[in-house]
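**Q** Protein chains in written order, with this note's numbering: chain A, 1 to 759; chain B, 1 to 423. All C-beta atoms, glycine included, are put in the ideal place defined by N, C-alpha and C. Only a predicted model underlies this, so the values are computations on that prediction, with no experimental measurement involved.
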Amino acid sequence: MFGKKPLQQLIEELRNDKHITFWHEIEEQEASIVPFPNLMDDRIKQALHKRGIEGIYTHQASSFDAVLKGENIVAVTPTASGKTFCYNLPVIQRHLNRSNSRALYIFPTKALAQDQKSEINEFIDDMEVNINSYTYDGDTPANIRQVVRKAGHIVITNPDMLHSAILPHHTKWISLFENLETIVIDELHTYRGVFGSHVANVIRRLKRICRYYGSNPTFICTSATIANPKELCSELTGERYIKLIDNNGAPKGKKHFVLYNPPIVNKQLNIRKPSTKVVNEIAARFLKEKIQTIVFSRSRVSVEIILSHLQELVKGELNKKSIRGYRGGYLPNQRREIERNLRNGETVGVVSTNALELGVDIGQLQVCVMNGYPGSIASSWQQAGRAGRRKDESIVIMVANSNPLDQYLFQHPEFFFEGSPETARINKDNLIILVDHLKCAAYELPFERGETFDGTEIEEILEYLTEERVLHEQRNKWYWMNDAFPAHNISLRSAAQENVIIIDQSQVEKHRVIGEMDTFSALTLLHDEAIYLHEGTQFQVEYLDWDEKKAYVREVDVEYFTDANLAVQLKVLEIDKEQTYRECVLQYGDMMVTAMATIFKKIKLETFENIGSGQIHLPEQELHTNGIALTFTSEMFLKMEEKTLEQMLMGLSHVLQHVACVRVMCDKNDLHAVPEVKAIHSEKPTVFLYDRYPGGIGLSDSVFKQFNDILNDSEDFIRRCPCEDGCPSCIGIAGVTSPINEKESMKKIVLNAITSVLS
Amino acid sequence: MGLKSKLNRMKGHLQLEKESNAINLNEKDRLVENNPQKSSEEITLEEKWRQLGFFPYAYEDQVSYQKRTFYPFQKEVETEIVNVYDWWQKTEKDHPLSCKGVPLNRLMFFDTETTGLSTGVGNTIFLIGYARMIDNGIEVIQHVLGDPSDEVPFMYGFLEDFHEEDYLVSYNGKSFDWPHVKSRHAFVRNRVPKLPQFGHIDLLHAARRLWKHELPSCRLSIVEKEKLSIFRKNDTPGSMAPLLYFDYIQEKEPDYLAGIIDHNDQDVRSLVSLYVQLSKRLAFMDRKLMKLSPKESIQIGHWFEQLKWIDHAKEHYKMAIESTGNHRDEAYYKLAILLKKEGQINSAMDYFQKCISISSFPKPEVFIEMAKIAEHQLKDFREAYTFSCHALDQIKKKSRLTAKDANQKNGVEKRIERLMNKL
């Protein structure tokens, strides 16, 4: 038998571990339940009774009331707080009010859609009313599709399907669009960056079609905790008035949130014990006591490594099925089985990629161990939400990697607990994305002169497309005049359009396409001999056919990654905003980036040692985007010896990039940093940060706005790094000193530079 | 910065739809060359259309263009059509190709030209053409969408001409043309009449049934050449339709569409011939002249068999047997099975025997069928045993066993075991 005692004991034992840098306790919370709303139909009440539910949580009640009043809502609730009732109850109520009422559910992935369908169908069955809910995705058989189109009261789909299968065929969906009352967007926080910007435009198209057929649906969104749920919801749906629902009434048990920084094993280089090993040890402690534990790790490889370790450690004590892996690449049936076994307790431990982060129902576990910072605060909380039952105590342990981001966050636990979580940002008017979706929209319905795209002026773009002979204008209307199907050429999930296709030729008889990448990223990530990570699996690029835009890769198992050097030049085309500091000036505007990949280095995974290099032969690329330029104007820098200046700028850009990525909630690949000793536009030392997507997605703009905070954070981060003269975790280079004065370390020089700007 | 200059600067990042086929300049030149009255600036669009034989069809303040062309019958063609039509009227059972009860002049041989092959809502139908048999000849009627903003008169003109009793005959119309018409109709549904309910014969399905084994593909152009002996001269391929239409829209020069209009005209008339040829094969007309391959006859027989026209099926199987060439064994087998079902055990046995005697590698199922008859009807267990052993031998000769084969083998082995007990 196992119960509360061992867990509490283990928690106490852990308290004494000196590598724990932070311990946070979240107190338990009682449920706050209110009686069923007056407007709720008796049939719904009875179905709830049947499940032993006598009242609903406050946030569920608020959602219900708001939606029935016709308000758009965004419900921000933690994992396992019953958020599905926030939309299912009002949607069902609307159907009971008007039997023709339809609803469209949009989930970011297919798996989530399947889950939701089963859940809502069970509920509908309990009510014994005739509501048809169907999923509509790539797996829906052709003979069912017609039924879904004609008779689906609730159609559950994903943004990609909406974009390429539903909207371009809207004449087959007339009964849906004529009667659409509710649009549900789940996991709102996942719609950010390029993907979010695309989806926001798909929603613009959706609303345009709804208007055409005379419907004006309300939006119900649900989101994990982010700083700006209301703003994101408003941006994504294009609705001005959004009601925020965050009065979570679900009960919570006591929860411990622990940060664990592995011991330093190489003091000079500031290298720590591999987090994977630490994770193994910690998880094993709990699993040996048969306490249900989930381990999150970022890559597929590390999931498999941890899994095999854990299965080894608990060998003989538990059967192999009691500890499972879970990641993309497992078959759906296998995943369902694991989910089921987790719910019924047959499986005690699960090692997962972020695949389990989204709302798949696996019940609640007691312990969550994270191998490294998952990349965003919102993700951290979602993963942490996997541990924590409604009544029992639970613990979340995050184990840091050696990399700068992890170390930075471990220095600043307030980011998790006090500071507002990240801001999710989209830029739906990014010119490239906008033009793409205008083409799709024109394909769906001709544009009339004077018409806007949900408020955005588009006439100039339509005229441009007419000149390019994609549209044809006649009697103040623009018609699609091309034999292409534009939605097929536009992928919501990837950045630029001309993409390099990645072909896995590990199996000679079965080459398969595993992904695609925009050409600009391909320069540094898919050159010959590059190690390309795909969902955690390592592949080596055997041949990059640049003309055909194909990269042939083969699965490998090596302990290094590659890092390519991109010779980048920036031209400032136009300055939109400017801010003057004492020693420098900060500018934001349009930039042209020319990039040429030169060489690549092979870098050992755990230690970041350089173990080899090679040449890259690829043509120069151009990227037109938005960025910021931090230009140093004071004498102090202009007099600096060139080599020192160069290293100082490198160190500074390294820190700024990492800190800025945390601040604006983006991946390191989305926001690039480039130092230039003598920038073309000013002939002065400059650090650039720019959006790595044509046209920009609003990251640099946000960096510009928060630049003071970013500088402060950067200074603090370097100061608090335990290394002496700089290390890969802070300024990116270790042990470098000024060539003039050997006592002056680069770490200090970079610090001085930041201080001089701030003072 | 002006948006347009920004757009132009970012052109490299913007992906414009590439035109799938480069415009065939020769094609364009030829089209213009063939038309001596090359239009001059002063001539109005309507005039230009008139020169191609099209007349404006006005509805409210908009206009589309229509053309009617009459092709008088040659005597033997007319007789053929009448014979075929009469044959269908005398049939008693239902058939996908049947036009029983449909007035001859209500058969509507139908084809459209579109601005793209996708079935999404962004591609338009710009030409609807159909052929009807009226007194002494075939009338081809074509409706052209003069401008994408004129969909109402275009659809209205077509629907006005559409009669409730009309019966569509198309080539792939069930999955392409008609869904497309429905989609376009949805856009103007509040301003034009409803789409009527009507019958629909899709000849592609029939062509596939008969010829999928022998033709490289069942595209209409290939069927025309191989089966109808129609050889087109200077035909503009249908795949050029989108590009030619875009050029027309750009320059408002109907001459660009002359080739596609001819192509469509020929298409709908080919459908008439195709319908006649298919019906003749089904009806056994001119059987001596038709020179059907055994496979064709078997396919027709099989079709009838599925539709429970058993007598017709038998006749076609017999026809396959009487002809020369491969696949005759298959005809024997199918015929034998039919006879067996009817209880004509001896004749069935006869045909099975013949099937074996002419095939170099008799299929195991033939022996299995014979074993079944011997065991259950004739009660000759020794004979049944021998046939079963033959069947097993044949199965064993196969180099690779599929799951189905393995199943069959299993069954035969059980049969042999049972028979051994009875012997």
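1) Take Ile575 of chain A as the anchor and find which of A:Leu618, A:Ser682, A:Tyr479 has the nearest alpha-carbon.
2) Return the chain-ordered list of same chain residues with a C-beta closer than 8 Å to the C-beta of Ser243 of chain A, the five sequence neighbours on each side being excluded.
3) If contact means a Cβ-Cβ distance below 8 Å, which residues of the segment 452–473 of chain A contact chain B?
4) Taking Cβ to Cβ, would you say Tyr693 of chain A is nearer than 9 Å to Val199 of chain A?
5) With a threshold of 9 Å between beta carbons, is Tyr136 of chain A in contact with chain B?
6) Looking at the secondary structure, which residues open and close the beta strand (DSSP E) in which Arg68 of chain B lies?
7) Of all the CB atoms in chain B, is at least one closer than 9 Å to the CB of His19 of chain A?
8) Can you name the residues of chain A whose CB is closer than 9 Å to the CB of Ala186 of chain B?
9) Identify the continuous alpha helix (DSSP H) that holds Leu526 of chain A and give its terminal residues.
10) Using a Cβ-Cβ cut-off of 9 Å, state whether Leu751 of chain A counts as contacting chain B.
11) How would you call His185 of chain B, buried or exposed, if buried means at least 16 neighbouring beta carbons within 10 angstroms?
12) For chain B, is any of its Cβ atoms less than 9 Å away from the one on Trp23 of chain A?
13) Using a 10 Å radius around the Cβ and a threshold of 16 neighbouring Cβ atoms, would you call Lys69 of chain A buried or exposed?
14) Could you tell me if Ala224 of chain A is buried or exposed, where buried requires 16 or more neighbouring beta carbons within 10 angstroms of its beta carbon?
15) List in chain order: all unbroken alpha helix (DSSP H) runs of 4+ residues lying wholly within the segment 91–169 of chain B.
16) Report back the beta-carbon spacing between Phe352 of chain B and Glu369 of chain B to the nearest angstrom; my notes put them in contact at under 8 Å.
17) Answer yes or no: does any C-beta atom of chain B fall closer than 9 Å to that of Val435 of chain A?
18) Is it right to say Asn261 of chain A is buried, meaning 16 or more other beta carbons lie within 10 angstroms of its own, or is it exposed?
19) At what residues does the beta strand (DSSP E) containing Lys601 of chain A begin and finish?
20) Using 9 Å as the threshold, is the C-beta distance between Thr519 of chain A and Lys550 of chain A below it?
21) Tell me, please, whether the segment 502–512 of chain A touches the segment 460–468 of chain A by the rule of three or more beta-carbon pairs shorter than 8 Å.
22) Taking the C-alpha atoms as reference points, what is the distance between Val369 of chain A and Gln8 of chain A?
23) List the residues of chain B that Lys477 of chain A touches, going by C-beta distances under 7 Å, in chain order.
24) Please determine, among A:Ala61, A:Pro229, A:Cys440, A:Leu533, the residue with the shortest C-alpha to C-alpha distance to Ala250 of chain A.
25) Can you give me the start and stop residues for the alpha helix (DSSP H) that Val513 of chain A sits inside?
26) Against chain B, with Cβ distances strictly below 9 Å, would Arg15 of chain A count as a contact?
27) Whole angstroms are fine: how far does the CA of Ser149 of chain B sit from the CA of Arg475 of chain A?
28) Comparing the C-beta of Pro242 of chain B with each C-beta of chain A, is any distance below 9 Å?
29) Can you give me the C-alpha to C-alpha distance between Arg335 of chain A and Tyr326 of chain A, rounded to a whole angstrom?
30) Would you mind giving the Cβ-Cβ distance between Gln383 of chain A and Ala80 of chain A, rounded to the nearest angstrom? I have them listed as a contact below 8 Å.
31) Given this structure, state the Cα-to-Cα distance separating Asn24 of chain B from Tyr248 of chain B, to the nearest angstrom.
32) In whole angstroms, give me the CA-to-CA distance for Gly311 of chain A and Asn280 of chain A.
33) With DSSP as the reference, identify every bridge partner of Val553 of chain A, one or two as the case may be.
34) At what residue ranges does the segment 658–703 of chain A contain a whole run of the beta strand (DSSP E), taking only runs of 3 or more?
35) With Phe64 of chain A and Pro90 of chain A assumed to form a contact (beta carbons below 8 Å), what rounded beta-carbon distance in angstroms separates them?
36) Mark Val82 of chain B as exposed unless 16 or more other C-beta atoms lie within 10 angstroms of its C-beta, in which case mark it buried.
**A** On the basis of the data shown:
1) Numbered from its first residue, the first sequence carries residue 575 of chain A at position 575. The shortest C-alpha separation from Ile575 of chain A is found at A:Ser682.
2) Reading the first sequence from its first residue, position 243 is the one you call residue 243 of chain A. Per the sequence presented here, residue 243 of chain A reads as Lys, with Ser not at that position. So the qualifying residues of the chain are Ala66, Glu71, Asn72, Ile73, Val74.
3) Glu460, Ile461, Glu463, Tyr464, Glu468, Arg469, Val470, His472
4) Within the first sequence, residue 693 of chain A is the residue found at index 693, counting from 1. Within the first sequence, residue 199 of chain A is the residue found at index 199, counting from 1. Taking 9 Å as the Cβ cut-off, Tyr693 of chain A and Val199 of chain A do not qualify as a contacting pair.
5) Position 136 of the first sequence, counted from the start, is the residue given in the question as residue 136 of chain A. No, no contact with chain B.
6) Numbered from its first residue, the second sequence carries residue 68 of chain B at position 68. 62–72 is the span of the beta strand (DSSP E), which, as asked, contains Arg68 of chain B.
7) One-based indexing of the first sequence puts residue 19 of chain A at position 19. False, the Cβ-Cβ gap to chain B never drops below 9 Å.
8) For the purposes of this step, residue 186 of chain B is taken as the residue at position 186 of the second sequence. Under the 9 Å cutoff, chain A gives His170, Thr171, Lys172, Ile174.
9) The sequence position of residue 526 of chain A within the first sequence is 526, counting from 1. Here Leu526 of chain A belongs to no alpha helix (DSSP H), and DSSP marks it neither H nor E.
10) The residue you call residue 751 of chain A lines up with position 751 of the first sequence. No, Leu751 of chain A lies away from the interface with chain B (no Cβ there is under 9 Å from its Cβ).
11) Translated into positions along the second sequence, residue 185 of chain B becomes position 185. Buried, because 16 or more other Cβ atoms sit within 10 Å of the Cβ of His185 of chain B.
12) The residue given as residue 23 of chain A occupies position 23 in the first sequence. So, not an interface residue.
13) The residue given as residue 69 of chain A occupies position 69 in the first sequence. It counts as exposed.
14) Locating residue 224 of chain A in the first sequence gives position 224, counting from the first residue. Buried, since its Cβ has 16 or more Cβ neighbours within 10 Å.
15) 151–161
16) Mapped onto the second sequence, residue 352 of chain B falls at position 352. Mapped onto the second sequence, residue 369 of chain B falls at position 369. About 6 Å; that satisfies the 8 Å criterion.
17) For this step, residue 435 of chain A is matched to residue 435 along the first sequence. So, interface residue.
18) Mapped onto the first sequence, residue 261 of chain A falls at position 261. So Asn261 of chain A ends up on the buried side.
19) Numbered from 1 along the first sequence, position 601 holds the residue referred to as residue 601 of chain A. Counting along the chain, the beta strand (DSSP E) containing Lys601 of chain A begins and ends at 584–604.
20) Here residue 519 of chain A corresponds to residue number 519 of the first sequence, with the count starting at 1. Here residue 550 of chain A corresponds to residue number 550 of the first sequence, with the count starting at 1. Not closer than 9 Å, so no.
21) no
22) By 1-based counting over the first sequence, the position of residue 369 of chain A is 369. By 1-based counting over the first sequence, the position of residue 8 of chain A is 8. The straight-line gap from Cα to Cα measures roughly 16 Å.
23) If you number the first sequence from 1, residue 477 of chain A lands on position 477. Within chain B, the residues near Lys477 of chain A are Ser149.
24) Here residue 250 of chain A corresponds to residue number 250 of the first sequence, with the count starting at 1. Ranking A:Ala61, A:Pro229, A:Cys440, A:Leu533 by Cα distance to Ala250 of chain A puts A:Ala61 first.
25) Along the first sequence, one-based indexing puts residue 513 of chain A at 513. Looking at the DSSP string, Val513 of chain A is not in any alpha helix (DSSP H); the run it does join, the beta strand (DSSP E), is 512–518.
26) Position 15 of the first sequence holds residue 15 of chain A. Cβ-Cβ to chain B under 9 Å: no for Arg15 of chain A.
27) Against the first sequence, residue 475 of chain A aligns to sequence position 475. Against the second sequence, residue 149 of chain B aligns to sequence position 149. When rounded, the distance between both Cα atoms is 7 Å.
28) For this step, residue 242 of chain B is matched to residue 242 along the second sequence. Closer than 9 Å to some Cβ of chain A, the Cβ of Pro242 of chain B qualifies, so yes.
29) If you number the first sequence from 1, residue 335 of chain A lands on position 335. If you number the first sequence from 1, residue 326 of chain A lands on position 326. Near 7 Å, if we compare the C-alpha coordinates of Tyr326 of chain A and Arg335 of chain A.
30) Here the question's residue 383 of chain A lines up with position 383 in the first sequence. Here the question's residue 80 of chain A lines up with position 80 in the first sequence. Actually they do not touch by this definition, with Cβ atoms about 13 Å apart.
31) Start at 1 with the first residue of the second sequence, and residue 24 of chain B comes out as number 24. Start at 1 with the first residue of the second sequence, and residue 248 of chain B comes out as number 248. Interpretation of Asn24 of chain B is limited by its pLDDT of 37, a score under 50 that renders its predicted location unreliable; the figure taken from the coordinates is listed afterwards. Approximately 14 Å, taken between the alpha carbons.
32) Here the question's residue 311 of chain A lines up with position 311 in the first sequence. Here the question's residue 280 of chain A lines up with position 280 in the first sequence. In the sequence under discussion, the amino acid at residue 311 of chain A is Gln, which differs from the Gly named in the question. The alpha-carbon atoms of Gln311 of chain A and Asn280 of chain A are separated by roughly 10 Å.
33) The residue labelled residue 553 of chain A in the question sits at position 553 within the first sequence. For Val553 of chain A, which the question treats as bridged, DSSP gives the partners A:Asp504, A:Val541.
34) 671–676, 686–691
35) The residue labelled residue 64 of chain A in the question sits at position 64 within the first sequence. The residue labelled residue 90 of chain A in the question sits at position 90 within the first sequence. Their Cβ separation, rounded to whole angstroms, is 5 Å, which keeps Phe64 of chain A and Pro90 of chain A in contact under 8 Å.
36) Within the second sequence, numbered from 1, the residue matching residue 82 of chain B stands at position 82. Exposed, since its Cβ has fewer than 16 Cβ neighbours within 10 Å.
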